[in-house]
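Colleague: One structure follows; several queries about it will come next.
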Amino acid sequence: MTPWTFIATCGGVGYAPKAPGTFGTLIAVPFAVALAFLPPVLAMAIIIGITMVGIQACEKFCAVSGEHDRQEIVIDEFAGYLIAVNMLPFTWQSFFAAFILFRFLDITKPLFIGRLDRNVKGGVGVMVDDLAAGLVANVLLQFAFYQTDWLGVQWDGSFSL
């Protein structure tokens, strides 16, 4: 396994016989927990770094396989979930809701997500629909956080630490 294949498949997780995208998302959960303990700017910088390396890995994997966005590539799900959960409250409800909503958006590709999936090619094309799904999930969950208490906490309007 080449280093680029290792990255694109998240250490081979993408070779799971059933639901490789779900497994690719699942292995991102402990990483997302670790990122939650970092300053938000540093966490976002790491997510951007993972995304940039993921784009390169997808580009190389697609060049070798001759196919665009094979199911074995799961670095896109990994990065997309990190975006979905970034800066949400650190509760099990947030992480679970982000997981479910991200997978739903990634599988169904509503709104502009499907258009990105169909029209953008190369490594960016492999990654962009999952990044968009993560962003949409995050925006919806941020809204839910500020409007309800079903993510486990409710914002009181203050910015104090």
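Counting in this note's numbering, the sequence shown runs from 567 upward without gaps. Beta carbons are placed, not taken as given, at the ideal position from N, Cα and C, and that holds for glycine.
1. May I ask you to report which of helix, strand or coil DSSP gives LEU706?
2. To the nearest angstrom, report how far apart LEU648 and SER631 are at their CA atoms.
3. Taking DSSP as the reference, what is the three-state secondary structure of ASP635?
4. Is MET610 closer than 9 angstroms to ASP642 when the C-beta atoms are compared?
5. So, helix, strand or coil for GLY700, using DSSP?
6. Out of ILE621, PRO605 and LEU682, state which residue places its alpha-carbon closest to the alpha-carbon of ALA645.
7. Would you mind reading off the limits of the alpha helix (DSSP H) that contains TYR647?
8. Should LEU707 be labelled buried (16 or more other beta-carbon atoms within 10 Å of its own) or exposed?
9. Counting C-beta neighbours from all protein chains within 10 Å, is the total for GLU633 16 or more, i.e. buried, or is it exposed?
10. Which of the three DSSP states is assigned to THR568 in this structure?
11. Grouping DSSP H, G and I as helix and E and B as strand, with all else coil, what is PRO605?
12. Is ASP635 near GLY578, with beta carbons less than 9 angstroms apart?
13. Is the beta carbon of VAL651 sitting closer than 9 angstroms to the one on LEU677?
14. Judging by CA-CA distance, which residue of LYS626, PRO583 and PRO596 is the nearest neighbour of PHE572?
15. Ends of the alpha helix (DSSP H) at THR714?
16. Using alpha carbons as the reference points, say which of PRO586, LYS687 and ALA623 lies closest to PRO569.
Modeller: Taking the geometry as given:
1. LEU706 falls in the helix class under three-state DSSP.
2. Distance between the alpha carbons of LEU648 and SER631 is about 26 angstroms.
3. DSSP places ASP635 outside both helix and strand once states are collapsed to three, so it counts as coil.
4. For ASP642 and MET610, no; Cβs fall outside 9 angstroms.
5. DSSP, reduced to helix, strand and coil, places GLY700 within a helical segment of the structure shown.
6. Out of ILE621, PRO605 and LEU682, ILE621 has the C-alpha closest to the C-alpha of ALA645.
7. Here the alpha helix (DSSP H) through TYR647 covers 641-651.
8. With 16 or more neighbouring CB atoms inside 10 Å of its own CB, LEU707 falls in the buried class.
9. Burial call: exposed.
10. Coil, per DSSP.
11. Coil at PRO605, not helix or strand.
12. Inclusion of ASP635 and GLY578 in the CB contact set at 9 angstroms is not warranted, their separation being larger than that value.
13. For VAL651 and LEU677, no; Cβs fall outside 9 angstroms.
14. Ranking the options by Cα distance to PHE572, first place goes to LYS626.
15. Per DSSP, THR714 lies in no alpha helix (DSSP H) and is assigned neither H nor E.
16. When each option's Cα is compared against that of PRO569, the closest is ALA623.
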